[in-house]
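*Asks:* Residue numbers (the working numbering): 4 to 348. We put the beta carbon where it would ideally sit given N, CA and C, even for glycine. Have a look at this one.
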Amino acid sequence: MNLLRKILFPFAMLYGLITAIRNFLFDKGILKSYSFDVPVIAVGNLSVGGTGKTPQIEYLIRLLSPKYKVATLSRGYKRQSEGFVLADASSNAAILGDEPFQFYQKFPNIQVAVDANRKNGIEQLLSQSQKPEVVLLDDAFQHRKVKAGFYILLTSYGDLYSDDFMLPTGNLRESRSGAKRANLIIVTKCPVDLSIEEQNRIKRLLLCRNDKGINQELYFSCIAYDDSIYSENSKIKITEIQDENKLLLAGIAKPEPFFSYLKNPDDVCLTFPDHHHFSENDIREIIIKAQDSIIITTEKDYVRLKGSLPDEQLFYLPIQSSFLSDSENFDKTILNYVGTSTRNR
Numbered sequence: 004m005n006l007l008r009k010i011l012f013p014f015a016m017l018y019g020l021i022t023a024i025r026n027f028l029f030d031k032g033i034l035k036s037y038s039f040d041v042p043v044i045a046v047g048n049l050s051v052g053g054t055g056k057t058p059q060i061e062y063l064i065r066l067l068s069p070k071y072k073v074a075t076l077s078r079g080y081k082r083q084s085e086g087f088v089l090a091d092a093s094s095n096a097a098i099l100g101d102e103p104f105q106f107y108q109k110f111p112n113i114q115v116a117v118d119a120n121r122k123n124g125i126e127q128l129l130s131q132s133q134k135p136e137v138v139l140l141d142d143a144f145q146h147r148k149v150k151a152g153f154y155i156l157l158t159s160y161g162d163l164y165s166d167d168f169m170l171p172t173g174n175l176r177e178s179r180s181g182a183k184r185a186n187l188i189i190v191t192k193c194p195v196d197l198s199i200e201e202q203n204r205i206k207r208l209l210l211c212r213n214d215k216g217i218n219q220e221l222y223f224s225c226i227a228y229d230d231s232i233y234s235e236n237s238k239i240k241i242t243e244i245q246d247e248n249k250l251l252l253a254g255i256a257k258p259e260p261f262f263s264y265l266k267n268p269d270d271v272c273l274t275f276p277d278h279h280h281f282s283e284n285d286i287r288e289i290i291i292k293a294q295d296s297i298i299i300t301t302e303k304d305y306v307r308l309k310g311s312l313p314d315e316q317l318f319y320l321p322i323q324s325s326f327l328s329d330s331e332n333f334d335k336t337i338l339n340y341v342g343t344s345t346r347n348r
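Here it is, written out as structure tokens:
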């Protein structure tokens, strides 16, 4: 904890009090939460950014979309539009935000919508002629106005909420006790060889009990990188370009693993803020530093950079969320919730 964050400790206490009062009012029904006659799964975290929500939402899409009509609903962070927007052929990253536009491009068989007001967003989705059978709420753990039927809480292996503190001293959006609202918890971005002993230690730290004292399911996942990079029209195996000079570019919360996976000592690495809007000056800087070498970026950055950099130079590296174990049990839990909710509608 740096000096400035220590100085801001009183503000963290005040922020914690405000969020605790807000949660109390929702828990007691003084502030109203709205439920819907459709399975709603909320994926979120207690901390700000960098826990792997996007690959987890994509995991759920792959799991559910073969059986159900799926819709995703996001806030659309830093988008240049307002209100409810349902993705269509005219959409782009500026209109939807980078992550929703990524969903739209990768999964054309689902509905992708954005609305800061999640209640209105769900109502708008359910008013469509093609109603979704499942709604996935992206980054909505603190959005108490909607009462989801199932909550998935994410926490990063290297930044567990049990070791963190409230903003602005730490990175928590609300108290650690908020984890009790989760139906299950996933520790993301784990080493692939995480030992059972370390998993048990983390389980003890997180406690993993809901507000009724019932044990919550706990899972451990890692980021699985693709073995190829992709451009608009081509695909290259990473082994073929591992030793070549290249420019690696990331505008995500925690880019170090992305760089480590691809980097050789002569590569140029450029880091930008999460959800960064690339200006003309940024584009010029990237082109100058890349020269004739290939440019590899993340999927999220690719949807914002596509069309601004030469297609033959710009590539992206896909990732997926992968469970270290018990993926079958996770899938069964989600499918049971959706199936039961659908039958009981």
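Ends of the alpha helix (DSSP H) at Asp304?
*Replies:* Per DSSP, Asp304 belongs to the alpha helix (DSSP H) from 302–308.
*Asks:* Determine, using beta-carbon pairs with one atom in the stretch 190–198 and one in the stretch 47–66, whether at least three such pairs fall under 8 Å.
*Replies:* Short answer: they touch.
*Asks:* Can you tell which of Arg307, Lys150, Asn332, Phe27 has the C-alpha that lies nearest to the C-alpha of Arg121?
*Replies:* Looking at the Cα atoms, Lys150 is the closest of the given residues.
*Asks:* Can you tell me where the beta strand (DSSP E) with Phe104 in it begins and where it stops?
*Replies:* Run containing Phe104: none in the beta strand (DSSP E); it sits in the alpha helix (DSSP H), 101–109.
*Asks:* For Ala92, count the other beta carbons within 10 Å of its own beta carbon; 16 or more makes it buried, fewer makes it exposed. Which is it?
*Replies:* That one is exposed.
*Asks:* For Gly216, does the count of other Cβ atoms within 10 angstroms reach 16, so buried, or fall short, so exposed?
*Replies:* Label assigned to Gly216: exposed.
*Asks:* Within the same chain, show all residues whose beta-carbon is closer than 8 Å to that of Asp246, passing over the 5 residues directly before and after it, in chain order.
*Replies:* Cβ within range, chain order: Asn267.
*Asks:* Secondary structure at Asn218, three-state DSSP: helix, strand or coil?
*Replies:* In this structure, Asn218 counts as strand in the three-state DSSP scheme.
*Asks:* Nearest CA to the CA of Val51: which residue from Phe144, Leu197, Leu6?
*Replies:* Taking only the C-alpha atoms, the option nearest Val51 is Phe144.
*Asks:* Taking contact to mean at least 3 C-beta pairs separated by less than 8 Å, is the stretch 216–232 in contact with the stretch 317–328?
*Replies:* They touch, by the three-pair rule.
*Asks:* By the DSSP assignment, the alpha helix (DSSP H) with Ile239 in it spans what residues?
*Replies:* Element bounds for Ile239: not the alpha helix (DSSP H) but the beta strand (DSSP E), 238–240.
*Asks:* Restricting to Cα atoms, I'd like to know which of Lys240, Asp196, Met169, Asn218 is closest to Asn186.
*Replies:* If we check each option's Cα against that of Asn186, Asn218 comes out closest.
*Asks:* Considering only residues of the stretch 99–175, which uninterrupted beta strand (DSSP E) runs meet the minimum length of 3 residues and lie entirely inside it, listed in chain order?
*Replies:* Taking only runs of at least 3 residues, the beta strand (DSSP E) segments lying wholly in the stretch 99–175 are 114–117, 137–141, 153–159.
*Asks:* Over what stretch of residues does the alpha helix (DSSP H) that includes Ser263 continue unbroken?
*Replies:* Run containing Ser263: 259–265, per the alpha helix (DSSP H) assignment.
*Asks:* Quick check for students: name the residue ranges of the alpha helix (DSSP H) that lie wholly in the stretch 25–98, counting only runs of 4 or more.
*Replies:* You should have 56–67.
*Asks:* Do you know offhand how far Ala74's Cα is from Cys225's?
*Replies:* Whole-angstrom Cα-Cα distance: 25 Å.
*Asks:* Please look up how many angstroms separate the CB atoms of Val306 and Phe104, rounded, as I've assumed it's under 8 Å.
*Replies:* That pair is a contact at about 5 Å.
*Asks:* Less than 8 Å between the C-beta atoms of Ile337 and Leu63, yes or no?
*Replies:* Yes, the pair counts as a contact, with Cβ atoms nearer than the cut-off.
*Asks:* What is the DSSP secondary structure of Val341, reduced to helix, strand or coil?
*Replies:* Helix at Val341.
*Asks:* Is Tyr164 closer than 8 Å to Arg184 when the C-beta atoms are compared?
*Replies:* No; because the gap between Cβ atoms is not below 8 Å, this pair is not in contact.
*Asks:* Do Gly53 and Tyr80 have their CB atoms nearer than 8 Å?
*Replies:* Taking 8 Å as the Cβ cut-off, Gly53 and Tyr80 do not qualify as a contacting pair.
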